[in-house]
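Just so you know, the protein sequences line up as chains A and B, in that order. Mapping of the first sequence onto the working numbering: position 69 corresponds to residue 69, and the numbering continues sequentially without gaps. In the working numbering, each residue's number is its place in the second sequence (first place is 1) plus 91. For glycine and all other residues, C-beta sits at the position ideal for the given N, C-alpha and C. Beneath this line is the structure, given in C-alpha cells, with notes to follow.
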Amino acid sequence: MKKLMHWLFLSCLKATELIEKKIYFKLSLRERMQLEVHKMMCDACSNYEKDSLLIDKALQKQSAVPPVIKGIDLKAFEQSLIKKLDDVDKV
Amino acid sequence: MKDKKTHINLAELVRLHTEEMVSWAYYKVSDSELAKDLVQDTFLAASEKAGNFRGDSSPKTWLYSILNFKIIDFYRAKVKKPVNMDGDSFSKFFTSDGEWIKDKRPHAWIEEEIHLLDDEGFNKILKLCLDALPDNWGLAIKLKFLLSKKGDEICEELGITPTNFWQIIHRAKMQLRECIDINWYKGN
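Written as C-alpha cells, this is what we have:
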C-alpha cells in the first residue's frame, strides 16, 4: 500500500527533491501533479517548501547587498595595489 | 587624439571601490586574503583591458563583471573535483521508505519574512550555515546566487548534468535548512 502511494504521490524524499528541482527547472506535468497532491497531504513537505523559498530569498538578498566587512585593513592594500598598477603601466 | 585609456583612472577606482569589492568577494569566498587576491587580480586585469573599455557601462559595473568572472573561475577550478554524493546524507532525515524521520519533519517557520530578511542575527547564522556545508554543496548554492543564472546555464557553465545539479542543491538545502532551524529557531 505504502509502495503504491509513493509511486502515485511520491515519498517525502522524492517530493523534497522535486521542490528543489522546481526552483531551477521545469517539472513535467506528471511531476507537477504528483507534487501538488503530495503537498496537499503532507504538512512537513509544504513547510519544507516554504522554508526553502525563504532561504533562497535570504541568500538572494544577502548576495545582492553583502555587508561591508570590517576589521580588514585595506589602506595598505590599496597603496600596494596602486603601486602595482603604476609599475604595470610603466612596462 | 585622446587615448581611450585615459578615460579610466584606475588609482581613483582603487580608492573608490576597493573596500566594497573586497567585501563583495569576501562574502562569496569566505576568505579575506583570497578576497584581496581576487580584487588585485581584477585591477591588474582591468589595467590590461583598459583599452577595451568602451564606456557602455559604468567603470564600477565593468570592474564587478571582471571580479565576478575571477570568483567564478576560482570556483570552477574547485568544482572539477568529484562531487561527493554519498547516499548516507539522507538517512539523517528520511527513513528507508523515504518518509520524514519524526523529529526531522519541518515545522512552519513563523517569523515574518520581511523582518527576518533584515535581521542581522538571522543573516549571520545563514552565512555560518552556508560556510559549514561540505565544499561542493555550498559551491552549488553560492554559484546559483553568484551567477544569478538559470539552472541549465549553471550546469553548462560548470559542465555538470542538471540531475547532478539539483541533487547537490537538494542535499545542500536539506542541511542548510536544518542548520538554520537548530541555530535560529530552536536557539531563540
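Assigned exposure category for residue i - 16 Cβ within 10 Å defines buried
i	result
A/Glu36	exposed
A/Met40	exposed
B/Lys235	buried
A/Arg32	exposed
A/Gln79	exposed
B/His206	exposed
B/Ser114	buried
B/Ile192	exposed
A/Glu17	buried
A/Ser11	buried
A/Arg30	exposed
B/Ala126	buried
A/Leu4	exposed
B/Leu129	buried
B/Ile216	buried
B/Met92	Unreliable positioning characterises B/Met92 in this predicted model, as indicated by a pLDDT of 41, which lies under 50. The coordinate reading is nonetheless provided below. Result: exposed.
B/Asp94	Low per-residue confidence applies at B/Asp94: pLDDT is 46, beneath 50, and the placement is therefore not dependable, though the value from the model is reported in the following sentence. Per the 10 Å Cβ criterion, exposed.
Pairwise C-alpha distance: residue j and residue i
i	j	result
B/Cys270	B/Ile232	15 Å
B/Ile99	B/Trp257	42 Å
B/Gly242	A/Ala58	18 Å
B/Gly146	B/His198	51 Å
B/Ala141	B/Ala168	26 Å
B/Thr186	B/Leu230	27 Å
B/Leu208	B/Leu221	15 Å
B/Lys151	A/Leu74	18 Å
B/Glu247	B/Pro253	9 Å
B/Ala280	B/Ile157	Because chain B spans 92 through 279 in this model, residue 280 of chain B falls outside it and cannot be assessed.
B/Ala116	B/Asp132	12 Å
A/Glu49	B/Lys277	19 Å
B/Asp226	A/Gln62	19 Å
B/Leu154	B/His108	9 Å
B/Ser123	A/Lys84	20 Å
A/Cys45	A/Met1	20 Å
A/Val88	B/Ser182	55 Å
B/Leu249	A/Asp43	35 Å
A/Phe77	B/Glu110	10 Å
A/Tyr24	B/Glu139	37 Å
A/Phe9	A/Leu27	15 Å
B/Asp210	B/Trp275	11 Å
A/His6	B/Ser149	54 Å
B/Asn255	B/Met112	32 Å
B/Lys96	B/Phe165	Model confidence at B/Lys96 stands at a pLDDT of 45, short of 50, so the residue's coordinates are unreliable and nothing is read from them.
B/Ile245	B/Ser180	24 Å
B/Phe160	A/Asn47	36 Å
B/Ile162	B/Ile251	18 Å
A/Lys21	A/Leu53	12 Å
Supposed contact pair residue j and residue i - C-beta distance, whole angstroms, cut 8 Å
i	j	result
A/Asp51	B/Trp200	6 Å
B/Gly212	A/Lys14	That pair is no contact at about 34 Å.
A/Ile82	B/Val120	About 23 Å; that fails the 8 Å criterion.
B/Ala263	B/Leu224	6 Å
B/Leu267	A/Ile19	Actually they are not in contact, since the Cβ atoms of B/Leu267 and A/Ile19 sit about 14 Å apart, beyond 8 Å.
B/Phe144	B/Leu101	Not a contact, Cβ separation roughly 10 Å.
B/Ile273	B/Trp228	With 8 Å as the limit, B/Ile273 and B/Trp228 do not qualify as a contact, their Cβ atoms being about 17 Å apart.
Next on the checklist: Output needed in chain order: residues of the stretch 8–26 of chain A with a Cβ under 7 Å from some Cβ in chain B.
Outcome noted: Ser11, Cys12, Leu13, Lys14, Thr16, Glu17, Glu20, Lys21, Tyr24, Phe25
Item to check | Residues of the stretch 130–150 of chain B whose Cβ lies closer than 9 Å to any Cβ of chain A, in chain order | outcome: Val130, Gln131, Phe134, Leu135, Ala137, Ser138, Glu139
Checklist entry - In the stretch 250–269 of chain B, which residues sit with their C-beta less than 8 Å from some C-beta in chain A, listed in chain order? => result Pro253, Phe256, Trp257, Gln258, Ile260, His261, Lys264, Met265, Leu267, Arg268
Next on the checklist: Beta carbons nearer than 7 Å to chain B: which residues of the stretch 36–47 of chain A have them?
Outcome noted: Ala44, Asn47
Item to check | Segments assigned alpha helix (DSSP H), at least 4 residues, entirely inside the stretch 31–65 of chain A | outcome: 43–64
Next on the checklist: By the 8 Å beta-carbon criterion, what residues does the stretch 218–230 of chain B contribute toward chain A?
Outcome noted: Lys218, Leu221
Checklist entry - Whole beta strand (DSSP E) runs in the stretch 112–142 of chain B with 3 or more residues, listed along the chain? => result none
Item to check | Contact set between the stretch 181–194 of chain B and chain A, restricted to residues whose Cβ is under 7 Å from the partner | outcome: Phe181, Phe185, Asp188, Gly189, Glu190, Trp191
Checklist entry - Which residue spans inside the stretch 212–263 of chain B form an unbroken alpha helix (DSSP H) run of at least 4? => result 226–238, 242–249
Checklist entry - What residues in the stretch 48–61 of chain A have a beta carbon less than 8 Å from any beta carbon of chain B? => result Tyr48, Lys50, Asp51, Ser52, Leu54, Ile55, Lys57, Ala58, Leu59, Gln60, Lys61
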